[in-house]
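Participant:
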Amino acid sequence: MNRRAARLLTSLYPRPWRDRYGAEFEAFLVAGPRGLRAFTNVALSAFCEHLFPLGGFKMNRLPRSLGAILCAYLVVIAAGINFYLTIDDSSLAAAMRANPGLSTAWNVVTLGSVAALLGAIAILVPLAFGAFWFALREKRRDVLIRLLATPMAAAVLAAWVIGAFVFLGKHWAPLPWAVLGDFAAPADWPSLQVRWLFGGLTSALAAALLAASSIGMYQAIQRTRFDPLRFTLSHRPFTIHPLRFARIPGMVLTAAMAVMTLGVLAWGLAANLTATSAFHAYSGPMHTTAFASWIGSIGVFAAASVIALRTAPSLLKPAGE
Amino acid sequence: MRSTQHVVEIENSQGYGHYSDPPLLVLASLASGPKHGHAMIEDIAGMCGTRLGPGTLYGAISRLEQQGLIEPLPPEDRRQPYRITQAGLRTLGAKLTTLHQFASVGLKRLEAL
Numbered sequence: 001m002n003r004r005a006a007r008l009l010t011s012l013y014p015r016p017w018r019d020r021y022g023a024e025f026e027a028f029l030v031a032g033p034r035g036l037r038a039f040t041n042v043a044l045s046a047f048c049e050h051l052f053p054l055g056g057f058k059m060n061r062l063p064r065s066l067g068a069i070l071c072a073y074l075v076v077i078a079a080g081i082n083f084y085l086t087i088d089d090s091s092l093a094a095a096m097r098a099n100p101g102l103s104t105a106w107n108v109v110t111l112g113s114v115a116a117l118l119g120a121i122a123i124l125v126p127l128a129f130g131a132f133w134f135a136l137r138e139k140r141r142d143v144l145i146r147l148l149a150t151p152m153a154a155a156v157l158a159a160w161v162i163g164a165f166v167f168l169g170k171h172w173a174p175l176p177w178a179v180l181g182d183f184a185a186p187a188d189w190p191s192l193q194v195r196w197l198f199g200g201l202t203s204a205l206a207a208a209l210l211a212a213s214s215i216g217m218y219q220a221i222q223r224t225r226f227d228p229l230r231f232t233l234s235h236r237p238f239t240i241h242p243l244r245f246a247r248i249p250g251m252v253l254t255a256a257m258a259v260m261t262l263g264v265l266a267w268g269l270a271a272n273l274t275a276t277s278a279f280h281a282y283s284g285p286m287h288t289t290a291f292a293s294w295i296g297s298i299g300v301f302a303a304a305s306v307i308a309l310r311t312a313p314s315l316l317k318p319a320g321e
Numbered sequence: 322m323r324s325t326q327h328v329v330e331i332e333n334s335q336g337y338g339h340y341s342d343p344p345l346l347v348l349a350s351l352a353s354g355p356k357h358g359h360a361m362i363e364d365i366a367g368m369c370g371t372r373l374g375p376g377t378l379y380g381a382i383s384r385l386e387q388q389g390l391i392e393p394l395p396p397e398d399r400r401q402p403y404r405i406t407q408a409g410l411r412t413l414g415a416k417l418t419t420l421h422q423f424a425s426v427g428l429k430r431l432e433a434l
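Residue numbers (the working numbering), protein chains in the order written: chain R, 1 to 321; chain E, 322 to 434.
#1: Pick out the complete alpha helix (DSSP H) segments inside the stretch 52-104 of chain R, 4 residues or longer, and give them in chain order.
#2: Taking contact to mean at least 3 C-beta pairs separated by less than 8 Å, is the stretch 5-18 of chain R in contact with the stretch 29-42 of chain R?
#3: In chain order, what residues of the stretch 367-386 of chain E put their CB closer than 9 Å to some CB of chain R?
#4: Are the CB atoms of Arg-230/R and Leu-315/R nearer to each other than 8 Å?
#5: Give me the Cα-Cα distance between Leu-74/R and Ala-304/R, rounded to the nearest whole angstrom.
#6: Identify, in the order they occur along the chain, each residue of the same chain with its Cβ nearer than 7 Å to the Cβ of Gly-56/R, setting aside the five sequence neighbours on each side.
#7: Relative to the alpha-carbon of Arg-225/R, which residue among Thr-10/R, Met-1/R and Ala-23/R has its alpha-carbon at the smallest distance?
#8: For a quick check, are the C-beta atoms of Trp-267/R and Val-109/R less than 8 Å apart?
#9: Residues in the same chain with beta-carbon distance under 7 Å from Ser-91/R, minus the five sequence neighbours each way, listed in chain order, please.
#10: One question on the structure: do Leu-265/R and Ile-295/R come within less than 8 Å of each other, judged by their Cβ atoms?
#11: Given Glu-26/R, which residues of its chain have a CB within under 7 Å of its CB, disregarding the five upstream and five downstream residues?
#12: When we look at the beta-carbon of Asn-82/R and count the other beta-carbons within 10 Å, is it buried (16 or more) or exposed?
#13: Name the DSSP bridge partner or partners of Pro-237/R?
#14: At a CB distance below 9 Å, what residues from the stretch 350-361 of chain E approach chain R? Give them in sequence order.
#15: State yes or no: is the C-beta of Leu-283/R within less than 8 Å of the C-beta of Thr-150/R?
#16: Tell me which same chain residues have a C-beta within less than 8 Å of the C-beta of Asn-178/R, skipping the five on either side of it?
#17: Where does Tyr-218/R sit, in a helix, a strand or coil, going by DSSP?
#18: Just the C-alpha distance for Ile-307/R and Ser-214/R, rounded to the nearest angstrom, thanks.
#19: Please list, in chain order, all residues of the same chain as Leu-124/R whose beta carbon is under 8 Å from its beta carbon, the five residues on each side excluded.
#20: Assign Gly-367/E to one of two classes, buried (16 or more other C-beta atoms within 10 Å of its C-beta) or exposed (fewer than that).
#21: For the alpha helix (DSSP H) holding Pro-344/E, just list the boundary residues, first then last.
#22: Could you pull the DSSP bridge partners for Tyr-403/E from this structure?
#23: With a threshold of 6 Å on Cβ separation, who are the neighbours of Ser-324/E within its own chain once the five nearest residues in sequence on each side are excluded?
#24: Hey, how far is the Cα of Ala-106/R from the Cα of Ala-302/R?
#25: I'd like to know if Gly-32/R contacts chain E, where contact means its C-beta is closer than 8 Å to some C-beta of that chain.
#26: Whole-angstrom Cβ separation of Leu-147/R and Ala-155/R, contact assumed at under 8 Å?
#27: So, under 8 Å CB-CB, Gly-119/R and Pro-249/R are touching, yes? Tell me the CB distance rounded to an integer number of Å.
#28: Three or more beta-carbon pairs under 8 Å between the stretch 369-385 of chain E and the stretch 341-349 of chain E, yes or no?
#29: 8 Å is my cut-off, CB to CB: does Phe-42/R come that close to chain E?
#30: For chain E, is any of its Cβ atoms less than 8 Å away from the one on Pro-63/R?
#31: Since Gln-387/E is in the alpha helix (DSSP H), which residue starts that stretch and which ends it?
#32: From the DSSP output, in three-state form, read off Asn-272/R for me.
#33: Would the beta-carbon of Leu-413/E fall within 8 Å of that of Ala-349/E?
#34: Would you list, in chain order, the members of the stretch 401-412 of chain E that have their beta-carbon closer than 8 Å to a beta-carbon of chain C?
#35: With a cut-off of 8 Å on the beta carbons, I'd call Pro-402/E and Lys-356/E a contact; round off their distance for me.
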């Protein structure tokens, strides 16, 4: 059977079935059965699969869990950037140097972010390599597009910020944390209305691109059949199964996000007690207070951590990939 | 009186002797070792004369895998081999025992005709 016919027949199956068996079934059809009888058999089987779908795919649990944890991490990165830029260049940074409680909480967040980054790299490098290899070998443009969603989103956001920076006279970058009030803003910056407008557009664009990146990454993992990666290091052969390998870093990433959440929570409580005026000053995004920004960050951190913590135990359950 | 052998030969020649319980056939095929799809089809055809269609085969594979009776092995080239699990062996044993009892009783009744 030619590849086009095999792909057409495979596309008749429900999406959950295709996500699990589509690639291998298509290869199976290309390699062997042909003729009207095979065609009819597959078409009828696909129809039956719609009528009596499988109750769930246990085999997809691991990629689904990893996808959910990585999406949670993407959201945590956004919340972490908001947390960092709210404090950066504000009076809270000076307050932290004078207050050991604040600086300890900050160090916990930093430690958590480093552990989370290492965990994410350990998951993403073999997964991304495996998914790219799969997409190229199987000519799966859909997987390739989804894999490129995150770098493309980052490029689009950077292009918007740079373009707006140039358009607005090269004095002000349209970042939500740089809206500021008129008293704090330098004289050569655009007006507060313009800063509001462009800062708001950047926020909306970033949120949309973050959602697109998360969905793209999640779907790329779901649609990939991860084969073992074989390589040689110091003349010794190694084999890594990307999904199985990702289990431990997945647990590390989850724990690190939980630690970061606790650190951000402790930091906010300490800031409210020891640096009250700085904490309620307008240094947050879109000319909001640092307190409001912290509330937003801790909410996102907590939601992402809950998702990751609820998902992580399934990484340890024995199941095929 | 017709012998059982005679009945089986007559019915097989008309296509009635083919056994078709795809999940059980897949389990029985994998009982002799891991196989990919095409090898399963050929093995099953040789075992009982039934040639499963590609959709039927993968319908059985997906359900057996979901029930934990078979599991995938690392792919070989573009082929995806599967092997039977311990639970699959137990299920196959139980089903074949029931079939054996059923067949024994049925054949004895035929002999008695």
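Every residue, glycine too, gets a C-beta built ideally from N, C-alpha and C.
From a predicted model like this one, the values you see are computed outputs, not experimental measurements.
Facilitator: In terms of the structure at hand:
#1: 61-87 and 91-98
#2: By the criterion of at least three beta-carbon pairs nearer than 8 Å, the stretch 5-18 of chain R is in contact with the stretch 29-42 of chain R.
#3: Leu-373, Gly-374, Pro-375, Gly-376, Thr-377, Leu-378, Tyr-379, Gly-380, Ile-382, Ser-383, Arg-384 and Glu-386
#4: no
#5: 9 Å
#6: Low local confidence applies: a pLDDT of 48 at Gly-56/R is under 50, so the model's placement there is unreliable, with the coordinate-based value given in what follows. Excluding sequence neighbours, Gly-56/R sits near nothing in its chain.
#7: Ala-23/R
#8: It is a contact, given that the beta carbons lie within the stated cut-off.
#9: Ala-278 and Ala-281.
#10: No. Outside cutoff.
#11: Ala-6, Arg-7 and Thr-10
#12: buried
#13: Thr-232/R
#14: His-357, Gly-358 and His-359
#15: The sequence shown places Ser at residue 283/R, rather than the Leu named in the question. No, these two residues do not count as a Cβ contact at 8 Å.
#16: Residue identity check: residue 178/R is Ala in the sequence provided, not Asn. Within the same chain, Ala-178/R has close Cβ partners Trp-172, Arg-195 and Gly-199.
#17: In the structure shown, Tyr-218/R sits in a helix (DSSP, three-state: H, G or I).
#18: One C-alpha to the other measures close to 14 Å.
#19: Setting aside the 5 residues that flank it on each side, Leu-124/R is surrounded in the same chain by Leu-70, each with a C-beta closer than 8 Å to its C-beta; the list follows chain order.
#20: exposed
#21: 343-351
#22: Lys-356/E and Pro-393/E
#23: In this prediction, Ser-324/E has a pLDDT of 44, which is less than 50 and means its spatial position is unreliable; nothing more can be read from the coordinates.
#24: The amino acid occupying residue 106/R in the given sequence is Trp; Ala does not appear at that position. Here the alpha carbon of Trp-106/R sits roughly 17 Å from the alpha carbon of Ala-302/R.
#25: yes
#26: So it is not a contact: roughly 14 Å between Cβ atoms.
#27: About 4 Å; that satisfies the 8 Å criterion.
#28: yes
#29: Note that residue 42/R is Val in the sequence shown here, rather than Phe. True, the Cβ-Cβ gap to chain E drops below 8 Å.
#30: no
#31: 375-387
#32: Correct three-state label for Asn-272/R: helix.
#33: yes
#34: Going by chain labels, chain C is absent from the structure shown, which instead holds the protein chains R and E.
#35: With a Cβ gap of about 6 Å, Pro-402/E and Lys-356/E count as contacting.
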